[in-house]
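Numbers 0 to 338, taken from numbering that gives the first Met the number 0, label the letters of the sequence shown in order.
Just so it is clear, CB atoms sit at the ideal spot from N, CA and C, and this is done for glycine as well.
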Amino acid sequence: MKAWRLHDKEKLTLDELPVQNVGPDCVKLKTLACGISITDVLMYEGKMPLSSSPLIMGRQCVGLVVETGENVTGLSRGNRVAADPFVCCKTCAPCKSGKSDECEKMLCYGVNDNGFMSDFSVVPANMLYVLPDRVQDSDAVFIEHIALSINTVSKLGLDKGEHIVIVGANALGIILAQVAIYYQAVPILVDTDAEMLSLAESLGVYYTVNSVEADPMKKIFSLTGGKMAETVAFVTTSHMAFGRSLEYATNGGRVALVGCSDIADELSGSFASILNKQLKVMGVNNGARMFPAAINLLATRTVDVSKLVSCEIKFADVEKCVREHVENRDRFIKAVVKP
Ligand SMILES: [Zn+2]
0 MKAWRLHDKE KLTLDELPVQ NVGPDCVKLK TLACGISITD VLMYEGKMPL SSSPLIMGRQ
60 CVGLVVETGE NVTGLSRGNR VAADPFVCCK TCAPCKSGKS DECEKMLCYG VNDNGFMSDF
120 SVVPANMLYV LPDRVQDSDA VFIEHIALSI NTVSKLGLDK GEHIVIVGAN ALGIILAQVA
180 IYYQAVPILV DTDAEMLSLA ESLGVYYTVN SVEADPMKKI FSLTGGKMAE TVAFVTTSHM
240 AFGRSLEYAT NGGRVALVGC SDIADELSGS FASILNKQLK VMGVNNGARM FPAAINLLAT
300 RTVDVSKLVS CEIKFADVEK CVREHVENRD RFIKAVVKP
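In structure tokens:
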């Protein structure tokens, strides 16, 4: 099989690997589509440490089942599936108490274990979900973002009619805004990029704030009737300052840091508002257990990702695509690779 492996900073190569055997409880997948996200670009740049090397890239995958191992039930050859990249240990205290999304030893394929950027892969059957026919391959690579957004809304305890300021209008921020609307909350999306904000507006996000053109504090004050927002979600892969986003919350408000934990060291700004306003701050780094709900939101077109694919590329062009996006990271939305 052929796989794109990251060996070191800026060293990504297409390697020929031995064919894997399909063991018990496992399935062999032919990759139909794989997403390249900002996290992948950051790993390539060396801005996120590699936990093992070489590492097969890619955590967002749609595949076709071509072989099933012993004991596999519910999946058969020809099924089109999405893979949940998050694997919990099932033995730690959170896992045993039914909170597997808070697993102490959570692994993520493509981040701290081999991912899916290969022509074929062999994976445990229990991480796969069959896709409805109406969900296209290139849309399904966003299921992981939708699942993370559902988990965020749930952890924040977002209530009907509440405001949620979302800082960062990249693919995850725009999807989170759409999920918030589904929960009958009012998203206010803040970014410095006019084009990304107008893309969000075209996907149904009504309140957007360009923090270059307007003072976000004044705008949010006005939109919330002077209360400021009950909830704030800061997208960690955005280029915005975390400290500033704390100021958008009301006293006693709830704030979530959403996304990838490995770049949290770069969070900037003053965090005094956490104490001054007695904010409840939480982290949400996965959408484990939320895949079926995320697939449903895509199948019912509740979440529209149609404009979020910036390019579709051939399997041979992965390195070229990642390299190009290093220069242009803030404008990067999502590339879809079709082997
Ligand atoms: Zn666990």
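According to the DSSP secondary-structure assignment, cysteine 107 is paired through a beta bridge with Phe85. For glutamine 177, the enclosing alpha helix (DSSP H) covers residues 170 to 181.
If you draw a 10 Å sphere on the C-beta of proline 186, you find 16 or more other C-beta atoms in it, and that means buried. Not one heavy atom of ligand 1 is found less than 7 Å from the C-beta of cysteine 107. The Cβ neighbour count for threonine 12, taken over all protein chains shown within 10 Å, is under 16; the residue is labelled exposed.
By the criterion of a C-beta distance shorter than 7 Å, alanine 2 is surrounded in its chain by Asp14, Leu16, Ile55, Met116, Ser117, once the five residues flanking it on both sides are discounted. The beta-carbon separation of alanine 232 and leucine 307, rounded to 18 Å, does not stay under the 8 Å limit for a contact. Rounded to whole angstroms, the gap between the alpha carbons of glutamate 323 and tyrosine 43 is 11 Å. For isoleucine 35, the enclosing beta strand (DSSP E) has its first and last residue at 25 to 35. Shortest Cα-Cα distance from leucine 49 to any of Val86, His6, Ile294 involves His6.
Closest by C-alpha distance to threonine 235, out of Gly62, Ala81, Leu266, is Leu266. Here the C-alpha atom of leucine 157 lies approximately 9 Å from the C-alpha atom of glutamine 183. Nearest Cα to lysine 89 within the set Ser75, Val80, Cys102: Cys102.
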